[in-house]
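Residue numbers (numbering that gives the first Met the number 0): 0 to 116.
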Amino acid sequence: MKLRIAENFRAVFYAPFYAIRALGLAEREGLAIEWLPSETPGGTIEEVKRGRIDAQWAGPMRVLKDHDSTPADGARLVCFSEVVGRDPFYLIGRKGQPPLRLKDLAAMRLGIVSEVP
Numbered sequence: 000m001k002l003r004i005a006e007n008f009r010a011v012f013y014a015p016f017y018a019i020r021a022l023g024l025a026e027r028e029g030l031a032i033e034w035l036p037s038e039t040p041g042g043t044i045e046e047v048k049r050g051r052i053d054a055q056w057a058g059p060m061r062v063l064k065d066h067d068s069t070p071a072d073g074a075r076l077v078c079f080s081e082v083v084g085r086d087p088f089y090l091i092g093r094k095g096q097p098p099l100r101l102k103d104l105a106a107m108r109l110g111i112v113s114e115v116p
């Protein structure tokens, strides 16, 4: 069976997908996967809805946003599996810093990511 799967955007929390690809696990199960990039986060949603791409990984907010903007009789996205549970975000810092303690966060600057969704 052949599948066309689009990457939503590259992130550490999508490691299970990268492991499937790197270890050839899909092929062991008889799947031929064509891994497709997405130019922007959520950029291939319309291709999925038109049937040109079989699946795209993304968070539930993409599906909720799609359901809010698509008529009830139109093509809507469907969630069918959870790969990443809970809140998959993480803190990063510079090398060479002393060990971080939770109370240290109060004095630090915060960078916010806003491209999704």
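Ideal Cβ positions, reconstructed from N, Cα and C, are used throughout, including at glycine.
Simplified DSSP assignment, three categories, for residue i
| i | result |
| --- | --- |
| glutamate 26 | helix |
| arginine 136 | Residue numbering for the chain in the displayed model covers 0 to 116; residue 136 lies beyond these limits and cannot be assessed. |
| alanine 14 | helix |
| arginine 3 | strand |
Supposed close pair residue i, residue j - CB separation, criterion 8 Å
| i | j | result |
| --- | --- | --- |
| leucine 76 | valine 47 | 7 Å |
| methionine 0 | leucine 30 | 6 Å |
| alanine 54 | leucine 2 | 7 Å |
| proline 87 | phenylalanine 16 | Not a contact, Cβ separation roughly 13 Å. |
| arginine 51 | tryptophan 34 | Contact doesn't hold; Cβ gap of about 15 Å is too wide. |
| cysteine 78 | proline 59 | 6 Å |
Same chain, Cβ closer than 6 Å to residue i, neighbours up to 5 away in sequence not counted
| i | result |
| --- | --- |
| glycine 92 | none |
Heavy atom of the ligand MN within 7 Å of residue i beta-carbon
| i | result |
| --- | --- |
| leucine 104 | Among the ligands in the structure shown, none appear at all, so the ligand MN cannot be discussed. |
Any chance the region 6 to 18 sits against the region 31 to 49, with 3 or more Cβ pairs inside 8 Å?
-> The region 6 to 18 makes contact with the region 31 to 49; the number of CB pairs closer than 8 Å reaches 3 or more.
Would you list, in sequence order, the uninterrupted alpha helix (DSSP H) runs of no fewer than 4 residues that lie entirely inside the region 39 to 112?
-> The qualifying runs are 44 to 48 and 59 to 68.
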